[in-house]
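J.:
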Amino acid sequence: TLLSSNVHIEKSREYTFFQPWLGLGLLTSTGNRWQSHRKLLTPSFHFRILENFVPVINGQQNVMIDIIDSKLSQNNGLIDDIRPIITNCALDTICETAMGIDIKAQTALDSQYVNSLRDILTLFLMRFISPWLWLEFIYRLSPSGKQFKKNVNVLHEFTESVIKERKTEFMRKMNEKGNNSLDEVMEELGSKRKLAFLDSLLVHHIRNPREFTENDIREEVDTFMFEGHDTTAAALTFALMLIGLDDRVQAKIHEEMDAIFHDDMCRDITTDDLRQMRYLEQCIKEALRLYPSVSYIAREANEDLTIGEHVVPKGTTCMVLFYMLHRDPKVFPNPEVYDPNRFVSDGPDVQSRHPYAYVPFSAGPRNCIGQKFALLEEKALLAAILRRYRIRCLIARHDLKLDYALILKPSSKIPMKFTKRF
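The sequence shown runs 15 to 436 under this note's numbering.
Okay, here's the thing in structure tokens:
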């Protein structure tokens with residue numbers, strides 16, 4: 015009732031915490047603005063567009079593999095904590111696909127943008143669990159509020175400088191070719207460099223500068239950066255952990271990798287390869303069932319809401335706990351068991367399952383616009399690791415500590431043992 019509604023699409027007030035950074039991007043906006051921007055941005059996430067990002071993903075995962083290899087030679091295959099390796103790779107990937115900039119989070123330790131991004135996520139969490147900081151005027155005066163403002167300025171300045179640089183390049187090319195040559199300019203730029211999410215937003219802006227401003231571009235790029243890197247890193251970490259705890263599942267993945275790559279395990283991944291990774295996709299979906307990156311959502315009822323025999327009054331904040339929804343034993347028997355066969359695409363479980371019983375990317379009109387990109391990236395990065403290595407997770411699930419605020423992720427280290435397959 016709540017997720018499928020076109021009426022109850024307004025998020026709860028806690029989402030206003032994001033507005034100083036994300037403004038009124040897709041995550042935080044509502045009403046006509048949200049609807050118009052959602053319609054405008056949806057074509058940018060068509061699979062044909064996403065295919066252009068695969069070379070970027072390949073480049074960043076190759077950096078990740080080099081880092082893993084260097085650590086293996088130092089410590090006999092033991093990696094004390096896989097989380098920072100995965101997080102930095104996801105951050106580099108999302109930044110290059112969003113803005114066309116390689117911030118080198120995996121290799122550089124002194125990036126002001128990277129440090130501010132990490133810091134701001136920590137500050138979000140601190141505020142979220144500190145009700146006395148929820149009032150804006152109090153938060154602005156607090157030490158964490160002042161630090162938050164500094165980080166917002168760094169992030170905004172970086173994004174705005176990239177937007178201005180890309181827009182200048184667009185306008186110069188258009189002046190060279192004539193005013194009606196935007197599509198031609200896009201084609202030429204695409205032949206010289208990798209196009210980014212930002213480029214498609216600039217096209218909308220240049221065509222309709224009043225309808226879609228430079229500030230709108232910044233808000234949507236920043237939203238894409240926030241929603242796209244930490245969520246993906248968490249999903250990848252949980253998937254690696256679960257696969258590393260189940261030898262039978264891992265053996266089936268290796269069989270699938272061998273059937274796709276044969277003797278050439280180090281070549282770049284193609285979109286055709288990704289389409290063939292059906293079992294790996296099942297493994298990702300089952301990991302997202304157990305550990306959805308966004309474990310709950312909150313909506314405000316815009317009018318009285320009837321659920322069964324109960325009436326929820328207008329103005330009530332309603333929460334949907336995906337973490338618990340995905341553990342309903344009537345839908346998922348033995349819900350704590352990691353079983354990728356639950357997601358065989360043409361299997362009876364999938365065919366008979368209610369469409370709102372499994373919602374790792376939410377559902378309804380406010381579902382995640384980037385879910386296809388997320389699955390594409392997760393499949394590619396997991397395949398990069400699992401076609402090369404056997405992995406063994408060295409922490410049991412019952413010893414795992416979780417951080418439930420904002421994004422569901424492990425708060426404890428995830429040690430892993432890597433062994434080269436060839």
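All C-beta atoms, glycine included, are put in the ideal place defined by N, C-alpha and C.
Between which residues of its own chain and M78 is the CB-CB distance below 6 angstroms, once the five residues before and five after are set aside?
T.: Excluding residues within five positions, the ones whose Cβ falls inside 6 angstroms are C103.
J.: Take the Cβ of A388 as the centre, count every other Cβ of all protein chains shown within 10 Å, and call the residue buried at 16 or more, exposed below.
T.: Classification for A388: buried.
J.: Exposed or buried, what is D261 when buried is set at 16 or more other beta-carbons lying within 10 Å of its beta-carbon?
T.: Answer is exposed; the Cβ neighbour count stays below 16.
J.: Shorter than 9 angstroms from the beta carbon of T173 to some beta carbon of chain D?
T.: Going by chain labels, chain D is absent from the structure shown, which holds only one protein chain.
J.: Leaving out five residues before and five after L209 in sequence, what residues of the same chain have Cβ atoms less than 8 angstroms from its Cβ?
T.: Taken in chain order, the residues that qualify are N66, G114, M200, L203.
J.: So what's P424 in DSSP terms, helix, strand or just coil?
T.: The answer is strand: DSSP assigns P424 an E or B state.
J.: So the alpha helix (DSSP H) M271 belongs to, where does it begin and stop?
T.: Per DSSP, M271 belongs to the alpha helix (DSSP H) from 261 to 275.
J.: Please go through the same chain and pick out, in chain order, the residues whose beta-carbon is closer than 7 angstroms to the beta-carbon of T107, but skip the five residues on each side of it.
T.: Only V70, I71, Q74, E391 meet the Cβ criterion.
J.: Looking only at its own chain, which residues have a Cβ that is under 6 angstroms from the Cβ of K423, when we skip the five neighbours before and after it?
T.: Cβ neighbours of K423 beyond the five flanking positions: A248, D417.
J.: Could you tell me which whole alpha helix (DSSP H) segments of length 4 or greater appear in the stretch 300 to 353?
T.: If we require 4 residues or more, the alpha helix (DSSP H) runs fully inside the stretch 300 to 353 come out as 336 to 339.
J.: Tell me, please, which residues DSSP counts as bridged to T433.
T.: Paired residue(s): R404.
J.: What are the residues that DSSP puts in a beta bridge with S195?
T.: According to DSSP, S195 bridges with nothing at all.
J.: Which of the three DSSP states, helix, strand or coil, is assigned to P98?
T.: P98: helix per DSSP, three-state reduction.
J.: Taking the straight line between their C-alpha atoms, what separation do you get for T56 and H218?
T.: Approximately 12 angstroms between the Cα atoms of the pair.
J.: Would you say L40 and S376 are within 9 angstroms of each other, going by their C-beta atoms?
T.: No, the pair does not count as a contact, with Cβ atoms beyond the cut-off.
J.: Can you list, in chain order, the residues of its chain whose CB lies under 6 angstroms from that of K328, leaving out five sequence neighbours each side?
T.: Excluding residues within five positions, the ones whose Cβ falls inside 6 angstroms are A315, E317, D318.
J.: Which first and last residues belong to the alpha helix (DSSP H) in which H219 is found?
T.: Taken as a continuous stretch (DSSP letters only), the alpha helix (DSSP H) holding H219 covers 211 to 221.
J.: So the alpha helix (DSSP H) I71 belongs to, where does it begin and stop?
T.: Where I71 is concerned, the enclosing alpha helix (DSSP H) stretches over 68 to 89.
J.: Grouping DSSP H, G and I as helix and E and B as strand, with all else coil, what is P374?
T.: Looking at P374 - three-state DSSP - the assignment turns out to be strand.
J.: For I231, which three-state DSSP category applies?
T.: In the structure shown, I231 sits in a helix (DSSP, three-state: H, G or I).
J.: Between which two residues does the alpha helix (DSSP H) holding F151 run?
T.: That run of the alpha helix (DSSP H) goes 150 to 155.
J.: Starting from L416, follow its DSSP beta bridges and name the residues at the other end.
T.: Paired residues: P424.
J.: Can you tell me whether DSSP reads I115 as helix, strand or coil?
T.: In the structure shown, I115 sits in coil (DSSP, three-state: anything other than H, G, I, E or B).
J.: Using a threshold of 9 angstroms, state whether the C-beta atoms of V373 and F336 are closer than that.
T.: Yes; because the gap between Cβ atoms is below 9 angstroms, this pair is in contact.
J.: Taking the alpha-carbon positions, what's the Y352 to P145 distance?
T.: The straight-line gap from Cα to Cα measures roughly 36 angstroms.
J.: Indicate whether F226 and W35 have their beta-carbon atoms separated by less than 9 angstroms.
T.: It is not a contact, given that the beta carbons lie outside the stated cut-off.
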